[in-house]
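Asks: Have a look at this one.
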Amino acid sequence: MFTIENLKHAYDGTEVLNVSRWRAEQGAQWLIIGPSGSGKTTLLHVLAGILRPTAGSVNIAGQDLAALKPAGLDRFRGRHIGIVLQRLHLMPSLTVARNLLLAQYLAGVPQDGTRVREVLASLDVSDKADAYPHELSFGQAQRVAVARAVVNKPKLLLADEPTSNLDDARCAQAFGLLESQARACGATLVVATHDQRIKARMSNHYDLTEQP
Amino acid sequence: MNLATVSLAYLRARALNTTLNVLLLALGIATITLLLLATSQLEERMQRDARGIDLVVGAKGSPMQIILSSIYQLDVPTGNVSWKQAQELARHRAVKKMIPLALADNYRGFRIVGTNHDYVAHYGARLVQGRLWQAPLEAVLGADLAAQSNLAVGATFIGAHGMGSREGEHMHDAYSYQVVGVLAPTGTVVDRVVLTDVASVWAVHADQHDIKDVMRVAELLPDDEKELTALLIQYSSPLGAAVLPRYVNQNSEMQAASPAYETARLFSIIGVGVDVLRGFALVLILAAGLSVFIALYNALLERRYDLAVMRTLGASPARLMALMLFEGAMLAGIGAVLGIVMGHVLTEALGVAFKAAKQVAVTGWAWVPEELWLIGLALAVGIFAALLPAWRAYRTDIAATLARG
């Protein structure tokens, strides 16, 4: 679960984000919707703890992010927050399995090959464990990116525009992966999107266009 | 999975670039290693050849030439000294031991050194075959010479006049030497010479004095006509250094030369060349540092998303900084180790080439402590080159980077 209160963020004095209150239960699945430039990515970055907001508080699973020192915030993010980026950004020089091991290493949790194989199997990409990212199709790379985000069993799983540029079938498939993986590790899922096709799939919407 | 695996994976991903940087650094390190090994071994060898010899007395001329010709058997002698004057000098109270040398001929480029048994004892040479000479025209061979000439006890050979093997030089074919002994390797100048009695040298030139019975040349030749080339002298006390050189230079036709002083002077002359080479090698290392810097800086630009993603995975800025520094150090470390190996192999190759040319031997299979400094220097260069990229990695604004990407 997470709670956001009186959140404001401004770039160079221009307010780009204003969230008075948003509370999500643990394991809930939410969409952040709104047109381009409405602050979806900014809100996602604030939730991920990679952007410190100008004002307001963000509490994730009982932890007030503002109370953490920079290194503590990095550790918290690695341990409890999984992120699937729009462009996936797998480490090109590491194999698939090592990409996942890197996520464990950087989060400071024990490196567990069994867990890595288990996650890859649950996403049906076990046979690609020793492949390099450039050898994967987009669909496979997306599965690996999801695997990397959930390998540490995060409390919060974030995804930024995971379905843009995908056809309908793939869109449904990608979204299904996120939903099922979030459920499998009990994570709260937050997806930022402007993709109209997804809106119908999920009932919890946080709509940034409604904000003043 | 740790920083090393990540660094290595990146270095492997840019194999060509990595190879070029490592090679550039390795060349600089190899050059310095070669210089270190060659100069330290040369110095040690020259010191070993001159050990226990406090003064060399020869004919008037360049003291450096006297040292080079009589101790190291490298240069031509300055001339001859009279046997009678040498006998007088031997009685001087500052002289503990005096070894006479008579040089005139060579065998296939190896010097034939007329001397006495003290010379063999001075260098601690043992016989592996036969015995020492007892009569004129009996010869004992140094180890390298014996190995290269395939002469053994009982063989005979003819000396050629002069100090090196040149075409058309005068052969003393009327007199042949007989090999009576072969010495074990000593790692000194003795390995590369033919040793014989001083009288042998007089004997092969006896026809100039109308002496027919060469075996009795020492008796038949008038003392006034006996000549030597140089005298190796050991002082009876350290005070000898204050007395004897001046005595020789003022009271005789001879010239005194100090091996310690002349070899130091020689090394300061060689040192200029060594310094130039060393400077060149340092320029190579600096160029390698610059190249590593450019490579890492470009890598940083290519990798800014990777770095941002690592931050989203929980890496602290300090961790990213450490990653870049580690990569610089890794490049430098590989370059340093490769360079030192190359340096040793090159030195050994040079040693083999020198051996064939009968020059001073060097080997690549020896170590000097300065090589540890070299590794330190290379690592410092690598880390220094990585500093700015590391700082940039430390300062990466992940939210902005990801928002653009």
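Going down the list, the protein sequences come from chains A and B. So the first sequence is numbered by the working numbering: it starts at 1 and just counts up by one. So the second sequence is numbered by the working numbering: it starts at 1001 and just counts up by one. Ideal placement from N, C-alpha and C gives every residue a C-beta, glycine not left out.
(1) Determine the direct distance from the alpha carbon of L123/A to that of A174/A, and round the result to whole angstroms.
(2) Going by C-alpha to C-alpha distance, which of V1274/B, Q1047/B, G1240/B and G1364/B sits closest to L1037/B?
(3) Starting from W22/A, trace the beta strand (DSSP E) both ways and give me its first and last residue.
(4) Looking only at its chain, what residues have a beta carbon closer than 8 Å to the beta carbon of Y1235/B, apart from the 5 residues adjacent to it on each side?
(5) For R98/A and chain B, any beta-carbon pair shorter than 8 Å?
(6) Cβ of T1312/B within 8 Å of Cβ of I83/A?
(7) With 8 Å set as the bound, which would you pick, yes or no: does the beta-carbon of I1334/B sit closer than that to a beta-carbon of chain A?
(8) Pull up the CB-CB distance for S1007/B and L1379/B, whole angstroms please, since I reckon it's below 8 Å.
(9) So, helix, strand or coil for H1170/B, using DSSP?
(10) With P154/A and I81/A assumed to form a contact (beta carbons below 8 Å), what rounded beta-carbon distance in angstroms separates them?
(11) Pull up the DSSP beta-bridge partners for M1098/B, would you.
(12) Taking 8 Å as the threshold (beta carbon to beta carbon), is T41/A in contact with chain B?
(13) The beta strand (DSSP E) that contains I60/A, what's its start and end?
(14) Hey, out of A1336/B, S1149/B, D1144/B and Y1177/B, whose CA is closest to F1157/B's CA?
(15) One question on the structure: do L1034/B and L1346/B come within less than 8 Å of each other, judged by their Cβ atoms?
(16) What number of angstroms, rounded off, separates the C-alpha of P212/A from the C-alpha of D112/A?
(17) So, does the CB of P212/A fall closer than 8 Å to a CB anywhere in chain B?
(18) Using the three-state DSSP reduction, which class does G1351/B fall into: helix, strand or coil?
(19) Check whether the stretch 3 to 16 of chain A and the stretch 47 to 65 of chain A are in contact - that is, three or more C-beta pairs closer than 8 Å.
(20) Classify P212/A as helix, strand or coil using the three-state DSSP reduction.
(21) Count Cβ pairs between the stretch 1118 to 1134 of chain B and the stretch 1202 to 1217 of chain B that sit closer than 8 Å; are there 3 or more?
(22) Could you tell me which uninterrupted alpha helix (DSSP H) segments, each at least 4 residues in length, are contained entirely in the stretch 75 to 161 of chain A, listed from first to last along the chain?
(23) At 8 Å on the CB atoms, spell out the chain B contacts of Q111/A, in chain order.
(24) Return yes when the Cβ of G1339/B is within less than 8 Å of the Cβ of L1025/B, no when it is not.
(25) Give me the Cα-Cα distance between A1009/B and V119/A, rounded to the nearest whole angstrom.
(26) Interface residues of chain B around G34/A at Cβ under 9 Å?
(27) Could you tell me whether any Cβ in chain A is nearer than 8 Å to the Cβ of Y1305/B?
(28) Can you say whether A71/A is buried or exposed, counting buried as having 16 or more other CB atoms within 10 angstroms of its CB?
(29) Starting from D1306/B and walking both ways along the beta strand (DSSP E), at which residues does that stretch end?
(30) When the Cβ atoms of the stretch 158 to 177 of chain A are set against those of the stretch 136 to 147 of chain A, are three or more pairs found closer than 8 Å?
(31) Measure from the alpha carbon of I1285/B to the alpha carbon of each residue in S1200/B, A1361/B, L1023/B and V1368/B, then state which is nearest.
(32) Could you list which residues in chain A have their beta carbon closer than 7 Å to that of G1314/B, in chain order?
(33) Residue ranges of each alpha helix (DSSP H) run of no fewer than 4 residues wholly in the stretch 1268 to 1304 of chain B, ordered along the chain?
(34) With 8 Å set as the bound, which would you pick, yes or no: does the beta-carbon of A169/A sit closer than that to a beta-carbon of chain D?
(35) Hey, G1314/B and R79/A: beta-carbon distance below 8 Å or not?
(36) Report yes if the CB atom of A1143/B is closer than 8 Å to the CB atom of A1102/B, and no otherwise.
Replies: Let's see:
(1) Here residue 174/A corresponds to residue number 174 of the first sequence, with the count starting at 1. Here residue 123/A corresponds to residue number 123 of the first sequence, with the count starting at 1. Each residue's Cα considered, the two are about 11 Å apart.
(2) Your numbering for residue 1037/B matches position 37 in the second sequence. Closest by alpha carbon: G1364/B.
(3) Walking along the first sequence from the start, residue 22/A turns up at place 22. First-last of the beta strand (DSSP E) with W22/A: T14 to A24.
(4) For this step, residue 1235/B is matched to residue 235 along the second sequence. Result list for Y1235/B: D1054, L1055, A1094, V1095, K1096, A1241 and L1244, in chain order.
(5) As a position in the first sequence, residue 98/A is number 98, starting the count at 1. Yes, contact with chain B.
(6) Translated into positions along the second sequence, residue 1312/B becomes position 312. Translated into positions along the first sequence, residue 83/A becomes position 83. In this structure, I83/A lies closer than 8 Å to T1312/B by Cβ.
(7) For the purposes of this step, residue 1334/B is identified with residue 334 of the second sequence, where counting begins at 1. No, I1334/B lies away from the interface with chain A (no Cβ there is under 8 Å from its Cβ).
(8) As a first step, residue 1007/B must be located in the second sequence, where it is residue number 7. As a first step, residue 1379/B must be located in the second sequence, where it is residue number 379. Actually they do not touch by this definition, with Cβ atoms about 14 Å apart.
(9) Taking the second sequence and counting its residues from 1, one reaches residue 1170/B at position 170. Coil at H1170/B, not helix or strand.
(10) Taking the first residue of the first sequence as position 1, residue 154/A is located at position 154. Taking the first residue of the first sequence as position 1, residue 81/A is located at position 81. With a Cβ gap of about 5 Å, P154/A and I81/A count as contacting.
(11) Translated into the one-based positions of the second sequence, residue 1098/B becomes position 98. Partner(s): I1233/B.
(12) Position 41 of the first sequence, counted from the first residue, corresponds to residue 41/A. It does: the Cβ of T41/A has a partner Cβ on chain B nearer than 8 Å.
(13) On the first sequence, position 60 is the one that residue 60/A refers to. Element bounds for I60/A: A55 to I60.
(14) By one-based count along the second sequence, residue 1157/B stands at place 157. It is Y1177/B whose Cα lies nearest to the Cα of F1157/B.
(15) Walking along the second sequence from the start, residue 1034/B turns up at place 34. Walking along the second sequence from the start, residue 1346/B turns up at place 346. Their beta carbons are under 8 Å apart, which means L1034/B touches L1346/B by this criterion.
(16) Here residue 212/A refers to the residue found at position 212 of the first sequence. Here residue 112/A refers to the residue found at position 112 of the first sequence. Here the model assigns P212/A a pLDDT of 46, short of 50, so the residue's position is not dependable, and the following value carries that caveat. When rounded, the distance between both Cα atoms is 47 Å.
(17) On the first sequence, residue 212/A is found 212 positions in, with the first residue counted as 1. Because P212/A sits at a pLDDT of 46, beneath the cut-off of 50, its placement in the model cannot be relied upon, and the point is left open.
(18) Looking up residue 1351/B in the second sequence gives position 351. G1351/B falls in the helix class under three-state DSSP.
(19) yes
(20) Mapped onto the first sequence, residue 212/A falls at position 212. Residue placement at P212/A is poorly supported in this model, since its pLDDT is 46, which falls under 50; the coordinates still yield a value, given next. Of the three classes helix, strand and coil, the one that applies to P212/A here is coil, per DSSP.
(21) no
(22) 96 to 107, 113 to 122 and 138 to 150
(23) Along the first sequence, one-based indexing puts residue 111/A at 111. By Cβ distance, chain B contributes M1001.
(24) Taking the first residue of the second sequence as position 1, residue 1025/B is located at position 25. Taking the first residue of the second sequence as position 1, residue 1339/B is located at position 339. Yes.
(25) Against the second sequence, residue 1009/B aligns to sequence position 9. Against the first sequence, residue 119/A aligns to sequence position 119. Their Cα atoms are separated by approximately 23 Å.
(26) Along the first sequence, one-based indexing puts residue 34/A at 34. Within chain B, no residue comes near G34/A; the closest Cβ sits about 15 Å away, beyond 9 Å.
(27) The residue given as residue 1305/B occupies position 305 in the second sequence. By this cut-off, Y1305/B is an interface position.
(28) Numbered from 1 along the first sequence, position 71 holds the residue referred to as residue 71/A. Exposed, by the Cβ-count rule.
(29) Position 306 of the second sequence holds residue 1306/B. It is not in any beta strand (DSSP E) - D1306/B instead sits in the alpha helix (DSSP H) that spans R1304 to T1312.
(30) yes
(31) Taking the second sequence and counting its residues from 1, the one referred to as residue 1285/B is at position 285. Nearest C-alpha to I1285/B: L1023/B.
(32) Translated into positions along the second sequence, residue 1314/B becomes position 314. Correct list: D74, R75, R77, G78, R79, L106, A107 and G108.
(33) none
(34) Absent here is chain D; the protein component of the structure consists of chains A and B.
(35) Taking the first residue of the second sequence as 1, we reach residue 1314/B at position 314. Taking the first residue of the first sequence as 1, we reach residue 79/A at position 79. Yes.
(36) In the second sequence, the residue the question calls residue 1143/B occupies position 143. In the second sequence, the residue the question calls residue 1102/B occupies position 102. No. Outside cutoff.
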